[in-house]
Amino acid sequence: MMDAHQPASLQDLLDVTPDLVSFFYNDTRSPHAMATSGAAPIPPEFTNWREEQRAWRESVLLFDQSYHMPETFLRGPDAQKLLSDLGINSFENFGPLRAKQYFCCNHQGYVIGECVLQLLDNGAFELISGTYLQNWVQYNAETGGYDVTLERDLPYGENPNGRRMYHLQLEGPLARDVFAEAIEGEMPDIPFFRMAKVGIAGCEVYVLRHGMAGHLGVELSGPFGEIERVRARLLDVGAKYGIRRSGTKAQYSALGESGWFGYPVPAVYTDPMLADYRKWLPADCWEGRSQLGGSLVLPRIEDYYVTPWDLGADKLLKFDHEFVGREALEEMSKRLDHRKKVTLVWNQEDVVRVFDSLLGTDLPYKYMEMPKSSYSFQQHDAVRSTNGDLVGLSKFVGYTVNESKFLSIAILEPDFATPGTEVIVIWGEPDGGSRKPNVERHRQTTIRATVAPNPYAKAAQKQKNAGLMKAGAEGFA
-6 MMDAHQPASL QDLLDVTPDL VSFFYNDTRS PHAMATSGAA PIPPEFTNWR
44 EEQRAWRESV LLFDQSYHMP ETFLRGPDAQ KLLSDLGINS FENFGPLRAK
94 QYFCCNHQGY VIGECVLQLL DNGAFELISG TYLQNWVQYN AETGGYDVTL
144 ERDLPYGENP NGRRMYHLQL EGPLARDVFA EAIEGEMPDI PFFRMAKVGI
194 AGCEVYVLRH GMAGHLGVEL SGPFGEIERV RARLLDVGAK YGIRRSGTKA
244 QYSALGESGW FGYPVPAVYT DPMLADYRKW LPADCWEGRS QLGGSLVLPR
294 IEDYYVTPWD LGADKLLKFD HEFVGREALE EMSKRLDHRK KVTLVWNQED
344 VVRVFDSLLG TDLPYKYMEM PKSSYSFQQH DAVRSTNGDL VGLSKFVGYT
394 VNESKFLSIA ILEPDFATPG TEVIVIWGEP DGGSRKPNVE RHRQTTIRAT
444 VAPNPYAKAA QKQKNAGLMK AGAEGFA
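Counting in my numbering, the sequence shown runs from -6 upward without gaps.
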């Protein structure tokens, strides 16, 4: 029986939590860590993360995203109407075997979440990754009077019934060669973000063409029970191409090169029109376990919300249909001062100074893990101008062997978002660090950084300019 004093819903949790920012900053465990805690099949490294990183730039890397990404399957006469009513994207000419990066906002125009959305040839809409968005879709499917059925497929660590689908991903300059040789018959011509069905090792496999780490890649999916056969075939064919398997260290460090701003704070805590939604969500949902961290501590939770422009997703915003947040977004679209997503290249001398502090007698600066150095699920490090003014925030930070640099993904005011601009990142949390168990006592310091394009990798920049970059996936959170 539930403790009478234990909050039952997210709204209950908010009602008894006077300072939500402090609660998320000090007292929650990353929801992503909890979802992946049972995902032992993917080790941190299969070989070593440095060679695994090199493989997506020089040969071919096999990502296995079958264990940690949540999925939702939506069916029924009103399935597309539901998605259209909630999403900022247009569904004009969206048919079977097509995919899109799908975004939902609240009534004030701030982002609730995103996912990859596929329409399978059996009429099912498959939502891949993005727990916040999938929760929002489920709530509306159950309460909005839509003629739909919905099935959730939770991550491995939270799913007592086992996963329904596997997802394997080939990335790198030789990914096309491995794919072409592994399939049965001729390789189909698949336009970007379109799908096809092929045979691999006697299994029928869905193929989504996209690019993530800077090269055109493919994501392969099918019934989970067939993963071993398909994976074995890819590894057998890929051996002569130098294929490597990605562990979680390399997988979660791809953001620096690909430029995805993963899992912003969901804009669900303050919108008055979402009160019933907050009562529907259980207190231990992902939204109730957000985890803030970093040097930027803002006074209100809504100060962490982002817009589609912040994420570079405004190009997906279409006003050809009615949807939640349309009126607010139409007003936002008139502004000329939207923040911009950029890459920050961290100064080598300042990074070395952080590591050097480990060998001194004073309290060290915040430790920088490698290759992924950010330490909170929703990390926000303050970015300041050389004059000391707050001009934005930095989220993911990590090292890439392909560039021999520490890179972070940031959102900056437009006057400071031009490549080549010098800024200052505040590294480490104030007052010696928060109560998060993975944060040791440390000192804050400053890191000089230079603004660069997002994505950073030149191959990824070329794909973005050609409209061939996948916006992101939870596997790279």
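Using N, Cα and C, we set each Cβ at its ideal position, and we do this for glycine too. No experiment lies behind these values; they were computed from the predicted model shown.
Judged by DSSP secondary structure, VAL384 falls within the beta strand (DSSP E) whose first and last residues are 383 to 393.
Between PHE118 and ALA306, the gap from beta carbon to beta carbon reaches 8 Å or more.
Note that the C-beta distance between GLY88 and ASP140 is not below 8 Å. Residue range 248 to 251 is occupied by the alpha helix (DSSP H) that includes GLY249. Among the bridge pairs identified by DSSP, GLU64 is matched with ILE121, ASP146. In the displayed model, LEU76 falls within a helix according to three-state DSSP. GLN111 has ALA92, GLU119 as its beta-bridge partners, per DSSP. Of the residues assessed, GLY286 falls on the buried side of the cut-off, its CB having 16 or more other CB atoms within 10 angstroms. Using a 10 angstroms sphere on the CB of HIS160, the tally of other CB atoms reaches 16 or more, which defines it as buried. Close CB contacts of ARG319 within its chain, under the 7 Å cut and outside five residues either way in sequence, are with PHE312 (chain order).
Taken in chain order, the complete beta strand (DSSP E) segments of 3 residues or longer contained in the region 205 to 269 are 209 to 216. Here the region 321 to 341 does not lie against the region -3 to 17, with fewer than 3 beta-carbon pairs under 8 Å apart.
For the region 351 to 432, the full-length beta strand (DSSP E) segments reaching 3 residues or more read 374 to 377, 383 to 393, 398 to 405, 415 to 420 along the chain. Only buried fits ARG47, as 16 or more other CB atoms lie within 10 angstroms of its CB. With contacts defined by Cβ atoms closer than 8 Å, CYS196 and VAL230 do not form a contacting pair.
Residue pairing by DSSP places CYS98 opposite VAL104 in a beta bridge. Membership of PHE87 in any alpha helix (DSSP H) is not indicated, and neither H nor E is assigned to it by DSSP. Considering only ASP349, ARG282, ALA247, ASP382, the residue with the shortest C-alpha distance to TYR262 is ARG282. LEU161 is bridged by DSSP to ASP57, LEU213.
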